[in-house]
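The next block holds one structure in the form of structure tokens; read it before the comments.
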Amino acid sequence: MFKKILIANRGEIALRIIRTAKEMGIKTVAVYSTADKDSLPVRFADEAVCIGPPSSKESYLSIPKIMAAAEITNADAIHPGYGFLSENDMFSEICAKYGIKFIGPTPDQIRKMGDKITAKDTMKKAGVPVVPGSDGLLKDVADAKKQAKKIGYPVIVKATAGGGGKGMRIVWKESEMESAFSTASMEAKASFSNDGLYMEKFIEEPRHIEIQVAGDRYGKACHLSERDCSIQRRHQKLVEESPSPFLDDKLRRKMGDAAVKAAESIAYEGVGTIEFLTDKHRNFYFMEMNTRIQVEHPVTEEVVDFDLIKEQIKIAMGDKISGKNYFPELHAMECRINAEDPRKNFSPSPGKITSFHSPKGHGVRVDTAVYAGYTIPQYYDSMIAKLICKARTREEVILKMQRALDEFIVEGIKTTIPFHKKLMKDERFRAGVFDTSFMNSFDLSDLPE
Amino acid sequence: MVNKNNIAELTIENQDFRIKIKTALAATYSTQAPVVMQQMPQQIAMPQMQQAATSEKPQTTQESAKSEEASGGNTITIKSPIVGTFYRSPGPDKDVFVKVGDEIGVGTKLCIIEAMKLFNEIESEHSGRIVKILVDDASPVEYDQPLFLIEPK
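Chain order of the listed sequences is A and B.
In this text, residue positions in the first sequence follow the working numbering: the first is -10, and each later residue adds one.
In this text, residue positions in the second sequence follow the working numbering: the first is 876, and each later residue adds one.
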């Protein structure tokens, strides 16, 4: 049994962890930068240690400072939350070296899943379907045509050093390959000084559907079903829900079993998420694995009545998991409320919150660490609250979410609440008919208050 | 001095300053002219240890020194640049680095802050006289925690 957990994080997830630790009778230590001196995690933790100035690099990302804080408070475990050092294999390794339990996977498991190519290979070996792709880099146009034929059109040609959507071209048929190849490689050379290209099958009408898994240190894993996170803008999730309107029982079981196979193939210890892409033909493909707790974990907690943070801590203490899988009993949806102005292209809106009232009531949960009078620091991410609603049907969840959004008052800064209000009225969203391209055609004009 | 094992909340108020101690680790002073201490990096490479970076800090903090003063006249507070355990001497049988009343100069070693078996010597950025030592030997300290009060020359 841990006596004391140090939380190497901040904001709402730090508070989330403090809450569960307290319920388990475990003492908590919050580390904080000077910018977070007046934060709720600092207030509610049993102890707090200031570790540095506002910049993340000199505080929340500083392994020596966090380890020093663990040492002087005699913490026996560290919970890394999400982001920051949560998927840093060196941090996991250093904790092990100093005899402090890292509440998460082993350094090796983080490494295996952290590298996209290694992760795909590991999954292939485990018999988990992956996005079909080229064998390494494409040699030339002729090679590209040959590989595309094998994979099957449409394909996407991608820069190996790429990111941010640059150096990518979708190719629908062979006659387009020559020009796609040359423009993609020119763009890659210009943006990344590396014109290397590889190829993947282009997933049509892709939905981002992820499966929550949990594995104990004895090699057993289980799944807690899916979250549909297809509503994304620039690869940032805006809304998540469970169950997915796209899945039926059969596909859920297939994907769940694949996720368990994936986790057991590396004897995964902790909670994690296997991200899949589904296509319009109802195939699913492994995309990546997140070896940490996720922002949207409350969605699963609400539909299967499970405390995922508690499970993480229990697994880290050496408990065995039950081994059974969990299926959604209700419907739940989460809206991420960010300090951003949806009328100005979601530009950040830091500043002081002058007035704050979060919605409450039956089936409404708000995970937040802000309050009236709180000043949002500009050094960290812009998420200020997660609004999670649950009900027996998806229609009721949407009605409840609308009521809750109307009741949500945040003054002094701009938030994405108006965007969510409009989204809840959107016909395609209400029908559950959407994929990851949804936001490309969402009209951001005429947002309500 | 508050013991590490006391988890007490304690507020002491005085016309010039207010100390609110949550635990031994979270002492914060609301006034004072904060001057962040520069340290000589031994094994840990930390950005704020470089000459260029720390020489900027006194400029911003001197401005606040003009408007607020601690009790007893013009003093400068030296704060901890790192997290660790504060030691007044280089070794268990050795003399302390500095005592109250000592005259110090730029570069005078003031204390050691130890973390993860690495010993960091903290050097003074100012000349002056040590007025008060704010932390007990072998106590844990956090970032920005006040360590010494110095009356500058």
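The beta carbon of each residue, even a glycine, is placed where N, CA and C say it ideally should be.
- [ ] Quick one: residues in its chain with C-beta nearer than 8 angstroms to the C-beta of ILE6 (chain A), no 5 flanking neighbours on either side, listed in chain order?
- [x] ILE(-6), ILE(-4), ASN(-2), THR17, HIS68, GLY70, ILE298
Open item on the list: By the three-class DSSP mapping on this structure, what secondary structure does THR172 (chain A) have?
Closed with: helix
- [ ] Compare the C-beta of LYS54 (chain A) with all C-beta atoms of chain B and state if any pair is closer than 8 angstroms.
- [x] yes
TODO: Alpha carbon to alpha carbon, how far is ALA169 (chain A) from ASP132 (chain A)? Give it in angstroms, no decimals.
DONE: 13 angstroms
Task: chain A residues whose Cβ lies nearer than 7 angstroms to that of ASP1019 (chain B) - done: THR23, CYS39
Task: Own chain partners of SER180 (chain A) with C-beta closer than 7 angstroms, once the 5 adjacent residues on each side are dropped - done: LYS155, GLY156
TODO: Report, in whole angstroms, the separation of the C-beta atoms of GLU199 (chain A) and VAL260 (chain A), which I expect to be a contact under 8 angstroms.
DONE: Between VAL260 (chain A) and GLU199 (chain A) the Cβ distance is about 12 angstroms, and since that is not below 8 angstroms, they are no contact.
Task: Amino acids of chain A, ordered along the chain, whose beta-carbon sits closer than 9 angstroms to that of ILE957 (chain B) - done: ILE40, GLY41, PRO53, LYS54, ALA57
Open item on the list: With three or more C-beta pairs closer than 8 angstroms as the rule, is the region 10 to 26 of chain A touching the region 345 to 354 of chain A?
Closed with: no
Task: Reduced DSSP secondary structure (H/G/I, E/B, other) of GLU229 (chain A) - done: strand
Task: Chain-order list of residues whose beta-carbon lies under 6 angstroms from that of PRO348 (chain A) (same chain, five-residue window excluded) - done: ALA393, GLU396, PHE397
TODO: Drop a sphere of 10 angstroms on the beta-carbon of MET390 (chain A), count the other beta-carbons inside from all chains shown, and report buried for 16 or more, exposed for fewer.
DONE: buried
Task: Euclidean distance between Cα positions of ILE55 (chain A) and SER48 (chain A) - done: 8 angstroms
Open item on the list: Taking the straight line between their C-alpha atoms, what separation do you get for PHE408 (chain A) and GLY0 (chain A)?
Closed with: 23 angstroms
Task: Counterpart residues of CYS378 (chain A) in DSSP-defined beta bridges - done: A:MET322, A:VAL353
Task: Own chain residues within Cβ distance below 6 angstroms of GLY421 (chain A), not counting five before or after - done: PRO234
TODO: Let me know if PRO437 (chain A) comes out buried or exposed under the rule of 16 or more other beta-carbons within 10 Å of its beta-carbon.
DONE: exposed
Open item on the list: Tell me which residues share the same chain as ILE83 (chain A) and place their Cβ nearer than 8 angstroms to its Cβ, disregarding the 5 neighbours each side in the sequence.
Closed with: ILE52, MET56
Task: Same chain only: Cβ atoms within 7 angstroms of GLN136 (chain A), ignoring 5 sequence neighbours per side - done: SER123, LEU127, MET188
Task: VAL399 (chain A) vs PHE345 (chain A) beta-carbon contact at 8 angstroms - done: yes
Task: the region 236 to 253 of chain A touching the region 285 to 298 of chain A, judged by at least three CB pairs closer than 8 angstroms - done: no
- [ ] Say whether the region 362 to 369 of chain A touches the region 303 to 318 of chain A, bearing in mind that this needs 3 or more beta-carbon pairs closer than 8 angstroms, one atom from each stretch.
- [x] no
Open item on the list: Bridge partners for ALA210 (chain A) per DSSP, in chain order?
Closed with: A:GLY204
TODO: State yes or no: is the beta carbon of GLU290 (chain A) nearer than 8 angstroms to at least one beta carbon in chain B?
DONE: no
Task: GLU60 (chain A) at chain B interface by Cβ criterion, 8 angstroms - done: yes
- [ ] Using only alpha-carbon positions, find the residue among B:ASN949, B:ILE997, B:VAL1006 that is nearest to VAL958 (chain B).
- [x] B:ILE997
- [ ] Ignoring anything shorter than 3 residues or poking outside the region 234 to 277 of chain A, list the beta strand (DSSP E) runs there in chain order.
- [x] 259 to 267
- [ ] Compare the beta carbon distance of LYS269 (chain A) and GLU193 (chain A) with 8 angstroms and say whether it is the shorter of the two.
- [x] yes
Task: Positions along the region 978 to 1007 of chain B whose CB lies within less than 7 angstroms of some CB in chain A - done: ALA990, MET991
Task: Alpha-carbon to alpha-carbon, MET278 (chain A) and ALA108 (chain A) - done: 8 angstroms
- [ ] Please say whether THR405 (chain A) and GLU329 (chain A) have beta carbons closer to each other than 8 angstroms?
- [x] yes
Task: Through-space distance from MET276 (chain A) to VAL249 (chain A), alpha-carbon basis - done: 15 angstroms
- [ ] Answer with yes or no whether the minimum CB distance from SER174 (chain A) to chain B is below 8 angstroms.
- [x] no
TODO: Please decide whether THR960 (chain B) counts as near chain A, where near means a Cβ-Cβ distance under 8 angstroms.
DONE: yes
Task: Coarse secondary structure for PRO53 (chain A), derived from DSSP in three states - done: helix
TODO: Indicate whether at least one CB of chain A lies closer than 8 angstroms to the CB of PRO1027 (chain B).
DONE: no
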